[in-house]
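K.L.:
First the structure, which I've put down as structure tokens, then a few questions once you've had a look.
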């Protein structure tokens, strides 16, 4: 198999990140520096920065209620990175990102193949947020937000927006631009005070406490894979796999 797939199946990182490691000359296969497209098989001595990486141990899929202040990066030198925060026994990484100042649902996995099907823009997969702004929400704001807003040089896609309270609204997006909701609000003169993601496709945040994580259920995974038309390369762990909070996972 291609080296980026081999690396992603060990849970080290996604295929895209694996390509970057290869491009930077940090990967070797049986003592030889790997190139983009190099082949590796189970049993080969594959190393990153001189450290041998393990073979695939089974897929992990978790839902984290990310607190504000945690950065969605696998770069371990960055203080407050999400990998160190979760401290999972397997090497997992976030699927997409959630701004450092935002909180709520984010999925993490060691399955590098599932990342692109979830993130690809043409899939128009729904993500739902609850947003608190700095002043009362007007009807024109709700209509304008739902019809699309020009940010970063182009119009956002139409979306669902409903007011929940005087300064709180729900929004369902089918795209994910950089700081999109904050930029959309600023276009109307509003500033976000709190932003929480509560749903990704069929996965709900529910009552999961802030800062804690849980494994996806077998039903959630089956529904998610069906929506993505995706089949994992190998069976995922059973539903009896570990689940818990940050503090529990550190034990």
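Numbering (my numbering), first residue to last: 89 to 339.
Cβ coordinates follow ideal geometry from the N, Cα and C atoms, glycine included.
#1: Would you report the Cα separation of residue 112 and residue 160, rounded to the nearest angstrom?
#2: Would you call residue 183 buried or exposed, if buried means 16 or more other Cβ atoms sit within 10 Å of its Cβ?
#3: Between residue 234 and the rest of its own chain, which residues show a CB-CB distance below 7 Å, the 5 nearest in sequence each way excluded?
#4: How far does the beta strand (DSSP E) with residue 260 in it reach, from first residue to last?
#5: Would you call the CB atoms of residue 117 and residue 106 closer than 8 Å?
#6: Which residues in the same chain have their Cβ closer than 7 Å to the Cβ of residue 152, if we skip the five residues on either side of it in sequence?
#7: Put residue 195 into one of helix, strand or coil per three-state DSSP.
#8: Which residue spans inside the segment 128 to 191 form an unbroken beta strand (DSSP E) run of at least 3?
#9: Could you say which of 254, 263 and 293 lies nearest to residue 222 if we only look at CA atoms?
#10: Let me know the secondary structure DSSP gives residue 252 once reduced to three states.
#11: May I ask which residues mark the beginning and end of the alpha helix (DSSP H) holding residue 107?
#12: Tell me the rounded alpha-carbon separation between residue 324 and residue 278.
#13: Using 10 angstroms around the beta-carbon of residue 310, count the other beta-carbons present and answer buried if the total reaches 16, otherwise exposed.
#14: Using C-beta distances below 7 Å, list every residue in its chain close to residue 342, excluding the 5 sequence neighbours before and after it, in chain order.
#15: Is the beta carbon of residue 307 sitting closer than 8 Å to the one on residue 150?
#16: Identify every residue that forms a DSSP beta bridge with residue 216.
#17: Would you report the Cα separation of residue 281 and residue 321, rounded to the nearest angstrom?
#18: Which of the three DSSP states is assigned to residue 95 in this structure?
#19: Given residue 331, which residues of its chain have a CB within under 7 Å of its CB, disregarding the five upstream and five downstream residues?
#20: What is the DSSP secondary structure of residue 230, counted as helix, strand or coil?
#21: Should the segment 255 to 270 be regarded as contacting the segment 162 to 181, the criterion being three or more beta carbon pairs within less than 8 Å?
P.N.:
The relevant details are as follows:
#1: CA-CA distance, residue 112 to residue 160, rounds to 22 Å.
#2: By the 16-neighbour rule on beta-carbons within 10 angstroms, residue 183 is buried.
#3: Answer for residue 234: 246, 247, 248 and 249, listed in chain order.
#4: Counting along the chain, the beta strand (DSSP E) containing residue 260 begins and ends at 256 to 261.
#5: No. Outside cutoff.
#6: These residues qualify, in order along the chain: 174, 194, 196 and 301.
#7: In the displayed model, residue 195 falls within a strand according to three-state DSSP.
#8: Listed in chain order, the beta strand (DSSP E) runs fully inside the segment 128 to 191 are 134 to 136 and 149 to 154, counting runs of at least 3 residues.
#9: Nearest to residue 222 by alpha-carbon distance, out of 254, 263 and 293, is 254.
#10: Three-state DSSP puts residue 252 in a strand.
#11: Per DSSP, the unbroken alpha helix (DSSP H) holding residue 107 starts and ends at 103 to 111.
#12: In this predicted model, residue 324 has a pLDDT of only 37, less than 50, meaning its place in the structure is not dependable; the value taken from the coordinates is given anyway. Answer to the nearest angstrom: the Cα atoms are 44 Å apart.
#13: By the neighbour-count rule (16 or more Cβ atoms within 10 Å), residue 310 is not buried but exposed.
#14: One cannot answer for residue 342 here, as it falls past the ends of the chain, which runs 89 to 339.
#15: Cβ distance not < 8 Å, so residue 307 and residue 150 don't count as in contact.
#16: In the DSSP secondary-structure assignment, residue 216 is bridged to 260 and 287.
#17: Distance between the alpha carbons of residue 281 and residue 321 is about 41 Å.
#18: DSSP places residue 95 within a helical segment (H, G or I) once states are collapsed to three.
#19: Low confidence applies here, because residue 331 scores a pLDDT of 41, under 50, leaving its location unreliable; read the following figure in that light. Excluding sequence positions up to five before and after residue 331, its CB lies within less than 7 Å of the CB of 302 and 303, all in the same chain and listed in chain order.
#20: Helix.
#21: No, they do not touch.
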